[in-house]
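> The structure that follows is given in the form of structure tokens.
Protein chains: 2
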Amino acid sequence: MPIAPIIEDTTEPGPRGNYRKTAATRARILDAALDVFGEAGFDKGSLREVAEKAGISQAGLLHHYPNKVALLSAVLERRDERALSGLSSRPNGVEHLAYLVAYARESSLRPGEIDLFAVLSAEATRPDHPANDYMRRRYHWVSGIMRTSFEEAARAGLLREGIDPGEAASQLIALWDGLQIQWLLRVNDVVVADRLEQFIDLQLVRPLREIVQTEPA
Amino acid sequence: MPIAPIIEDTTEPGPRGNYRKTAATRARILDAALDVFGEAGFDKGSLREVAEKAGISQAGLLHHYPNKVALLSAVLERRDERALSGLSSRPNGVEHLAYLVAYARESSLRPGEIDLFAVLSAEATRPDHPANDYMRRRYHWVSGIMRTSFEEAARAGLLREGIDPGEAASQLIALWDGLQIQWLLRVNDVVVADRLEQFIDLQLVRPLREIVQTEPA
Numbered sequence: 389m390p391i392a393p394i395i396e397d398t399t400e401p402g403p404r405g406n407y408r409k410t411a412a413t414r415a416r417i418l419d420a421a422l423d424v425f426g427e428a429g430f431d432k433g434s435l436r437e438v439a440e441k442a443g444i445s446q447a448g449l450l451h452h453y454p455n456k457v458a459l460l461s462a463v464l465e466r467r468d469e470r471a472l473s474g475l476s477s478r479p480n481g482v483e484h485l486a487y488l489v490a491y492a493r494e495s496s497l498r499p500g501e502i503d504l505f506a507v508l509s510a511e512a513t514r515p516d517h518p519a520n521d522y523m524r525r526r527y528h529w530v531s532g533i534m535r536t537s538f539e540e541a542a543r544a545g546l547l548r549e550g551i552d553p554g555e556a557a558s559q560l561i562a563l564w565d566g567l568q569i570q571w572l573l574r575v576n577d578v579v580v581a582d583r584l585e586q587f588i589d590l591q592l593v594r595p596l597r598e599i600v601q602t603e604p605a
Numbered sequence: 389m390p391i392a393p394i395i396e397d398t399t400e401p402g403p404r405g406n407y408r409k410t411a412a413t414r415a416r417i418l419d420a421a422l423d424v425f426g427e428a429g430f431d432k433g434s435l436r437e438v439a440e441k442a443g444i445s446q447a448g449l450l451h452h453y454p455n456k457v458a459l460l461s462a463v464l465e466r467r468d469e470r471a472l473s474g475l476s477s478r479p480n481g482v483e484h485l486a487y488l489v490a491y492a493r494e495s496s497l498r499p500g501e502i503d504l505f506a507v508l509s510a511e512a513t514r515p516d517h518p519a520n521d522y523m524r525r526r527y528h529w530v531s532g533i534m535r536t537s538f539e540e541a542a543r544a545g546l547l548r549e550g551i552d553p554g555e556a557a558s559q560l561i562a563l564w565d566g567l568q569i570q571w572l573l574r575v576n577d578v579v580v581a582d583r584l585e586q587f588i589d590l591q592l593v594r595p596l597r598e599i600v601q602t603e604p605a
């Protein structure tokens, strides 16, 4: 896991400066939380460790995030927002699918993060888990995006006959989750992004790389 | 989760009777362990609860399984042995694939067990987890079986051109793991066995149900 960079605070005083300072502190806390939870797991990672890694006091941390669940939710939401912002800059469904492949490739550089999300995805299936609600909403949201992408591909005449966009979306998410487990276990020499691309290619009339010329990260 | 049946011990005394009695006690303990770990999770489920549910003393339990990890390993191995014994009675690769679909359908009747294995599969990706070694061996073993099944299908002229048996096996396991998460989260109305069958059908020249007339559980 990369060490969270210490963000230098060069903002001037005043409301806007304070706002920026708060944003920078929060970003530092979330980077630290991702590191700590990614290495030790959510159950075992402590707020004390997060505060230490972020270079602030525990009271300071609690001022921003009153408990571990609030902190975890913020980590999850930030990760999703980042992914979404990359997605929204793409013009259409097939470009979205190419983006997901690029995103999978790029996130393989952060194994601790993948580990955290793989374990959390499974643990949070339990109705009493603090992230259960978030994970359920997240699956609906992600599968909605992928479904729309496959629907747009269908309208552009790029989806193979007989492929149902909703099912293709659900299979793609399942593959992603399952391949990450194999990758983390270091079995089958899995390169997650390659496998996702192969699956998407099976749904399309032409390979993704022929339709989308580049695969920008 | 079904309550583990209390097995009545009607065996006569003597070495053979003792052996049978031991086997019956162990079966009762493993049923109880599956229930307890399936409901509470491996971390939170206690040996005390398992002993209580199995109707024996904690000392009696420790006589058979000296610690939680030994107990978990025995639960995992028994489950795999059962699955394997069903598999070995099938004559060839395509029949094996049909069996896996039937197995997925049948195990959906035991959600607690699926929950335990889904969470464990993810948690055990961590190298320091007590089941890490077992899970790695298990993935190699399961993907070997599936790969052989697809290879046999290829030799019988039933695999689509361009499909790599090893990759199809790895994708099938990943799909299975990932779909179980969606099923446990109750999103996307996933019926795991149906989705696995659809995936297998995509790899074959004819649908599984046309090749294997019945799908016995």
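Sequence order for the protein chains is C and F.
So in my numbering, spot 151 of the first sequence is number 539, and the numbers just go up one at a time.
So in my numbering, spot 73 of the second sequence is number 461, and the numbers just go up one at a time.
Just so you know, even glycine gets a beta-carbon here, dropped at the ideal spot from N, CA and C.
Would you give the residue range spanned by the alpha helix (DSSP H) that valine 507 (chain F) belongs to?
499-511
> Starting from the C-beta of alanine 542 (chain F), find all residues in its chain whose C-beta is less than 7 Å away, skip the five residues before and the five after it, and write them out in chain order.
Pro553
> Would you kindly work out how many angstroms separate the C-alpha atoms of arginine 467 (chain C) and proline 518 (chain F), rounded to a whole number?
Each residue's Cα considered, the two are about 30 Å apart.
> Below 8 Å between beta carbons is the criterion; list the residues of the stretch 571-583 of chain F that meet it against any residue of chain C, in chain order.
Leu572, Leu573, Arg574, Val575, Asn576, Val578, Arg583
> Please confirm whether glutamate 511 (chain F) has its beta-carbon closer than 8 Å to some beta-carbon of chain C.
yes
> When you compare only the Cα positions, how much space is there between serine 476 (chain F) and alanine 490 (chain F)?
14 Å
> What's the call for serine 382 (chain F), buried or exposed, on a 16-neighbour Cβ count within 10 Å?
There is simply no residue 382 (chain F) to check, as chain F begins at 389 and stops at 605 in what is shown.
> Just tell me which of F:Leu418, F:Phe505, F:Leu590 has its CA closest to the CA of leucine 546 (chain F).
F:Leu590
> Can you give me, in chain order, the residues of the stretch 530-559 of chain C that have a beta carbon less than 9 Å from any beta carbon in chain B?
Protein chains C and F are contained in the structure displayed, whereas chain B is not.
> Taking its Cβ as the centre, do 16 or more other Cβ atoms sit within 10 Å of alanine 605 (chain C), making it buried, or is it exposed?
Note that alanine 605 (chain C) scores 45 on pLDDT, short of 50, meaning its location in the model is unreliable; the coordinates nonetheless yield the value given after this. Answer is exposed; the Cβ neighbour count stays below 16.
> Could you tell me if threonine 413 (chain C) is buried or exposed, where buried requires 16 or more neighbouring beta carbons within 10 angstroms of its beta carbon?
Burial call: buried.
> Identify which residue in F:His484, F:Ala462, F:Arg408 has its Cα closest to the Cα of serine 537 (chain F).
F:His484
> Which residues in the same chain as arginine 594 (chain C) place their Cβ atom closer than 8 Å to its Cβ, once the five residues preceding and following it in sequence are excluded?
Leu546
> List, in chain order, every chain C residue whose beta-carbon is nearer than 7 Å to that of aspartate 565 (chain F).
Asp565, Gly566, Ile569
> What is the C-beta distance between phenylalanine 587 (chain F) and glutamine 559 (chain C), in whole angstroms, given that I count them as a contact (C-beta under 8 Å)?
7 Å
> Please report how far the alpha carbon of leucine 435 (chain F) lies from the alpha carbon of glutamate 427 (chain F), in whole angstroms.
14 Å
> For the stretch 478-492 of chain C, list every residue whose C-beta sits within 7 Å of some C-beta in chain F, in sequence order.
none
> Cβ of histidine 528 (chain C) less than 8 Å from any chain F Cβ?
yes
> Return no unless some Cβ of chain F is closer than 8 Å to the Cβ of alanine 421 (chain C).
No - not a single Cβ of chain F is within 8 Å of the one on alanine 421 (chain C).
> How close, in whole Å, do the beta carbons of valine 482 (chain C) and leucine 596 (chain C) come, if the pair is a contact with beta carbons under 8 Å?
7 Å
> Between C:Lys441, C:Phe505, C:Gly429, C:Glu437, which has its C-alpha nearest arginine 416 (chain C)'s C-alpha?
C:Lys441
> Can you check whether the C-beta of leucine 590 (chain F) is within less than 8 Å of a C-beta belonging to chain C?
yes
> Starting from leucine 547 (chain C), follow its DSSP beta bridges and name the residues at the other end.
C:Leu592
> Flag arginine 524 (chain C) as yes if its beta-carbon sits less than 8 Å from any beta-carbon of chain F, otherwise no.
yes
> Taking arginine 408 (chain C) as the query, report the chain F residues whose CB atoms sit under 8 Å from its CB, ordered along the chain.
Under the 8 Å cutoff, chain F gives no residues; its nearest Cβ is about 37 Å from arginine 408 (chain C).
> Give every residue of the same chain whose Cβ lies closer than 7 Å to the Cβ of proline 454 (chain C), excluding the five residues on either side of it in the sequence, and list them in chain order.
Around proline 454 (chain C): no qualifying Cβ.
> Taking the continuous alpha helix (DSSP H) assigned at histidine 452 (chain F), which residues delimit it?
446-452
> Listing by chain order, which chain C residues have their CB less than 8 Å from the CB of alanine 506 (chain F)?
Ala510, Thr513
> Which residue's Cα is closest to the Cα of glutamate 501 (chain F): F:Val600, F:Ala420, F:Tyr407?
F:Ala420
> Please state whether the Cβ-Cβ distance between valine 575 (chain C) and histidine 528 (chain F) is less than 8 Å.
yes
> In angstroms with no decimal places, state the Cα-to-Cα distance between valine 580 (chain F) and glutamate 469 (chain C).
Roughly 30 Å separates the two Cα atoms.
> Less than 8 Å between the beta carbons of tyrosine 522 (chain C) and serine 461 (chain C), yes or no?
yes
> Can you tell me whether DSSP reads glycine 443 (chain F) as helix, strand or coil?
coil
> Quick check on this structure: which residue in F:Val507, F:Gly550, F:Asp516 has the alpha carbon closest to the alpha carbon of tryptophan 571 (chain F)?
F:Val507
> Rank C:Ala486, C:Val457, C:Gly429 by C-alpha distance to the C-alpha of glutamate 598 (chain C) and give the top, closest one.
C:Ala486
> If you follow the alpha helix (DSSP H) that histidine 517 (chain F) is part of, which residue opens it and which one closes it?
Run containing histidine 517 (chain F): none; DSSP gives neither H nor E here.
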